[in-house]
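Student:
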Amino acid sequence: MNVPYLKNKRILLVDDESALLDMTAGILEAEGYRQIKKAKTAKEALAACREWRPEFVVLDVMLPDGDGFSLLEQLRAFSDVPVLFLTARGEEEDRFRGLGLGADDYIVKPFLPKELILRIGAILRRCYKNEQPLVQLAACQIDFEKAEVIKNEKSIPLTAKEFELLQALYRNAGKIVTIDMLCEAVWGENPFGYENSLMAHIRRIREKIEENPSKPVSLITVKGLGYKLLVEG
Amino acid sequence: MKSILKLIRRFFLILILSIVLILFLNLILFFLMFYHQSSSRSPWKAAEMVAGSLLQAEDGTYELQDEGKTVLEQSGAWAILVDADGSVKWSSSNLPSEIPLHYTLAELSWAIRGYIEDYPTTVGEYGDDLLIMGHPKTAYWKAMWNTFDYDMIANLPQTVVIFLLFNLVIVFLIYLFAVSGVLRSVKPIIRGIEALPEGPEVYVKEKGLLSSLAVSLNRTAEKLRMQEYDLKKKETARANWIAGVSHDIRTPLSMVMGYASQLEDNKSLAESERKKAGVIRFQSMRIKNLINDLNLSSKLEYNAQPIQRTEQNAVSLLRKVVVDFLNVDPDNKYSLVWTTDESLTSCLIQADANLLQRAVSNLIVNAQVHNPDGCTISAKVCKEGDMCRITISDDGKGVSDEQLATLRTSSGRSPSKLGEQQHGLGLLIVGQIAAAHDGRIEMDHSPVGGFQVSIILPLSEKRPPSESK
Chain A
210 MNVPYLKNKR ILLVDDESAL LDMTAGILEA EGYRQIKKAK TAKEALAACR
260 EWRPEFVVLD VMLPDGDGFS LLEQLRAFSD VPVLFLTARG EEEDRFRGLG
310 LGADDYIVKP FLPKELILRI GAILRRCYKN EQPLVQLAAC QIDFEKAEVI
360 KNEKSIPLTA KEFELLQALY RNAGKIVTID MLCEAVWGEN PFGYENSLMA
410 HIRRIREKIE ENPSKPVSLI TVKGLGYKLL VEG
Chain B
-2 MKSILKLIRR FFLILILSIV LILFLNLILF FLMFYHQSSS RSPWKAAEMV
48 AGSLLQAEDG TYELQDEGKT VLEQSGAWAI LVDADGSVKW SSSNLPSEIP
98 LHYTLAELSW AIRGYIEDYP TTVGEYGDDL LIMGHPKTAY WKAMWNTFDY
148 DMIANLPQTV VIFLLFNLVI VFLIYLFAVS GVLRSVKPII RGIEALPEGP
198 EVYVKEKGLL SSLAVSLNRT AEKLRMQEYD LKKKETARAN WIAGVSHDIR
248 TPLSMVMGYA SQLEDNKSLA ESERKKAGVI RFQSMRIKNL INDLNLSSKL
298 EYNAQPIQRT EQNAVSLLRK VVVDFLNVDP DNKYSLVWTT DESLTSCLIQ
348 ADANLLQRAV SNLIVNAQVH NPDGCTISAK VCKEGDMCRI TISDDGKGVS
398 DEQLATLRTS SGRSPSKLGE QQHGLGLLIV GQIAAAHDGR IEMDHSPVGG
448 FQVSIILPLS EKRPPSESK
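Set out below in structure tokens:
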């Protein structure tokens, strides 16, 4: 489901447990990621960040020579690389601390490989979306740069709300996005009572992106819960 | 402080009562004594008796009968008979030499009213003459000026009442003075004792009348402080221990779960082996949930986890939990269905979103764990009066009536008292979380044959913004 260009991203895995590093690397390799490097200490990780310039970092909190939080702080001094914490520390305050330091996501061990893949994919898509403006759907392509849909060699402009909705869906491509999250993405906080407007917008988006809007294949409804955008990979 | 006032009132009443009682007792004693005085032979009566037993013979001489003699002997007194001219016509044989034998009228009046040469006197009539009896000098004390104002005697009842009242006021003032001193030293101690149950941060100055009491009060507070500290330390140690163990299990479990999941998805393996890997993956997830529950439960029980309630839309919250389940594992044998009424878009409650999500997740996991062959799980929110009901039900194998009864009775208990209850923790935590939100849980057979649990929480006071925005 991930777009091929993302599979070339350099991913740095940092964990003190080499068995876990091997497994995580295996999961990512199986998913098609080609450039993976492992680091077992904060020092190694920092050196790798300076020399190898990873485009994504999976970070553990407990490291033999320091903790992931301070490592992230040092890292942020010279790099904006997206970071995902993968740690056994499940306390709320740890989670908030990690996210507060500018991590992009926080997964508590143990985790399902699928969850890790989906979350890494979502962050990569969000952070490197400009490198691949065209998103391939079943019946069309979306150009987020120009905010338009290219269907049957015709370009159809997206309205601001449609654009925001599609972006929210694309960020979580392959996953269900709840009605509430979509409303919040478009209308901001406390999005009460927008369900009908949302349905209208979805209908219009379908008219633009689907071959047959009454039988959608890219923008799927999950009854009562939300919507899911399927991208071609 | 109320108790002190009560104490003062009671003691004052007792004091007044005792004073009145003592007064009465004294009065009774006084009258008894008086009665005794008057009943014993009085000196005046003695004089009359002496006069009565003095007989005048034919020849004009006087003869004291034996009776009179006895009276005189008994009281060690002497007697004289004075005529109208002031001359002594007869005297007893023991008459002291200093007693004059002639009296002027003034001397006589003085002799009657008081003393003759310091001998207290009493008199008795003897025809036209007067018999004066002289008692030993230390026998009596005579009230010589026993005159009272007429008004005073006439107003005696009022005077007595005023007298008593005056006494009472004096007693009250004395009491107040004494009590205020005691009170001053007791007050801080009472305050300290009253504050003790609120928290052992009590210190009373160790001086004054009751300093020893203050010392032991301070020691008690110190002891309580120590105990509370120890207890907290123990609880924290226990919670930390659980947190530590669960932390250490997470990394190895990640590998079990990760590799099992990879094997399960490995198309080159035989179907039966992939199934086994699936079982390992599923059971590891159970362990994961158990760790999370254990951790949370210990925190909830020791109040280590502060509950942060904010306004939440139960519909959105439940939707998010369901979607998270679907997103992580979309094609497993458990189908999750959303059965909330379409028209219900918001159901506001005051909740800690994380905790409530955990509670709902627990219910969904619970349904999965107890139906290993798969089932359909439905999630629903509805409003019931001023309550919000979140229901997770399944069409699995359900529970027997007895199991249901056991579950219902055990759900109120705290996990540390759970003992042997086998699949309690998940549900117990849901109960704990509901209770922490002023709500409760209800367990029942689901209408489609399985098991169902509802979390019932009070609706938020605030109304949602109008729907037509």
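So the protein sequences, as listed, match chains A and B. Residues 210 to 442 (the numbering used here) make up the first sequence, in order. Residues -2 to 466 (the numbering used here) make up the second sequence, in order. Note that CB positions come from ideal geometry on N, CA and C, so glycine has one too.
1) Anything in chain A within Cβ reach of B:E339, meaning under 8 angstroms, just list it in chain order.
2) In the region 346 to 379 of chain A, which residue ranges form an unbroken beta strand (DSSP E) of at least 3 residues, counting only runs that do not cross its ends?
3) Need the endpoints of the beta strand (DSSP E) that B:V450 sits in, please.
4) What is the residue span of the alpha helix (DSSP H) that B:Q305 lies within?
5) Does A:G277 come out as helix, strand or coil in the three-state DSSP assignment?
6) Could you list the residues in the region 366 to 377 of chain B with a C-beta less than 8 angstroms from some C-beta on chain A, going in chain order?
7) Sorted by chain position, which residues of the same chain lie with C-beta nearer than 8 angstroms to A:K417's C-beta, five sequence neighbours on each side aside?
8) The alpha helix (DSSP H) that contains B:P249, what's its start and end?
9) With burial defined as no fewer than 16 other Cβ atoms inside 10 Å of the residue's Cβ, what is the status of B:P412: buried or exposed?
10) When burial is assigned at 16 or more other CB atoms within 10 Å of the CB, is A:N339 buried or exposed?
11) I'd like the span of the alpha helix (DSSP H) that includes B:V158, first residue to last.
12) Let me check understanding here. Comparing Cα to Cα, which of B:T119, B:V201 and B:W238 lies closest to B:A48?
13) To the nearest angstrom, how far is it from the Cα of A:V266 to the Cα of A:E300?
14) Which first and last residues belong to the beta strand (DSSP E) in which A:G435 is found?
15) Assuming A:T387 and A:G311 are in contact, meaning their beta carbons sit under 8 angstroms apart, how far apart are those beta carbons, in whole angstroms?
16) Quick check: is the beta carbon of B:Y256 nearer than 8 angstroms to any beta carbon in chain A?
17) May I ask you to verify whether the region 229 to 248 of chain B touches the region 289 to 300 of chain A, counting CB pairs closer than 8 angstroms and requiring at least 3?
18) For a contact defined as C-beta to C-beta under 9 angstroms, what are the partners of A:R298 on chain B?
19) Distance cutoff 8 angstroms, beta carbons only. Does B:Q280 sit that close to anything in chain A?
20) At a threshold of 7 angstroms, does A:A409 count as lining the ligand SAM (C-beta to nearest heavy atom)?
21) Would you list, in sequence order, the uninterrupted alpha helix (DSSP H) runs of no fewer than 4 residues that lie entirely inside the region 301 to 368 of chain B?
22) Taking only runs of the beta strand (DSSP E) that begin and end inside the region 293 to 342 of chain A, which ones reach a length of at least 3 residues, in chain order?
23) Do you know how far the Cα of B:K3 is from the Cα of B:K220?
24) Kindly confirm or deny that the region 447 to 459 of chain B and the region 365 to 385 of chain B touch, where touching means at least three C-beta pairs closer than 8 angstroms.
25) Check the Cβ of B:Q400 against every Cβ in chain A and list those closer than 9 angstroms, keeping chain order.
26) Is B:T342 close to chain A? Criterion is C-beta to C-beta, closer than 8 angstroms.
27) Would you give the residue range spanned by the alpha helix (DSSP H) that A:M409 belongs to?
28) Measuring alpha carbon to alpha carbon, tell me which of A:F401, A:M408, A:P422 and A:R334 ends up nearest A:V440.
29) Within 10 Å of its beta-carbon, does B:T144 have 16 or more other beta-carbons around it, so buried, or fewer, so exposed?
30) Run through chain A and tell me which residues come within less than 8 angstroms of B:N351, C-beta to C-beta.
31) Closer than 8 angstroms, Cβ to any Cβ of chain B: which residues of the region 388 to 408 of chain A, in chain order?
32) For A:L293, return the contacting residues in chain B, with the cut-off set at a CB-CB distance below 8 angstroms.
33) Within 8 angstroms, do at least three Cβ pairs link the region 246 to 258 of chain B to the region 272 to 291 of chain B?
34) For A:P319, which residues in chain B fall below 9 angstroms Cβ to Cβ?
35) Please identify, using Cβ separations under 7 angstroms, the residues of the region 357 to 378 of chain A that lie next to chain B, in order along the chain.
36) Run through DSSP, which three-state label would B:L415 get?
Tutor: Walking through what the data contain:
1) G433
2) 350 to 352, 357 to 360 and 363 to 366
3) F448 to P455
4) Per DSSP, B:Q305 belongs to no alpha helix (DSSP H) and is neither H nor E.
5) helix
6) none
7) C349, V358, K360, I365, L367 and E371
8) S208 to D262
9) For B:P412, the pLDDT reaches just 49, beneath the cut-off of 50, and the residue's location in the model is therefore unreliable, although a value from the coordinates is still provided. Flag for B:P412 reads buried.
10) exposed
11) L153 to A192
12) B:T119
13) 21 angstroms
14) G435 to L438
15) The pair is not a contact, with the Cβ atoms about 25 angstroms apart (cut-off 8 angstroms).
16) yes
17) yes
18) H244 and R247
19) no
20) In terms of ligand content, the structure shown is empty, and the ligand SAM therefore cannot be addressed.
21) 311 to 325 and 350 to 366
22) 314 to 317
23) 30 angstroms
24) yes
25) Here the premise fails: no neighbours, minimum Cβ distance about 30 angstroms.
26) yes
27) In the sequence as displayed, the identity of residue 409 of chain A is Ala instead of Met. That run of the alpha helix (DSSP H) goes E404 to I418.
28) A:R334
29) exposed
30) E301
31) I388, D389, M390, N399, F401, G402, Y403 and E404
32) Residues of chain B passing the Cβ test: none, with the nearest at roughly 14 angstroms.
33) yes
34) I246, R247, T248, P249, L250, S251, M252, V253, M254, G255, S281, M282, I284, K285 and I288
35) none
36) Unreliable placement is indicated for B:L415, whose pLDDT of 45 sits below 50; the coordinate value is still reported in the next sentence. Here B:L415 sits in coil by DSSP.
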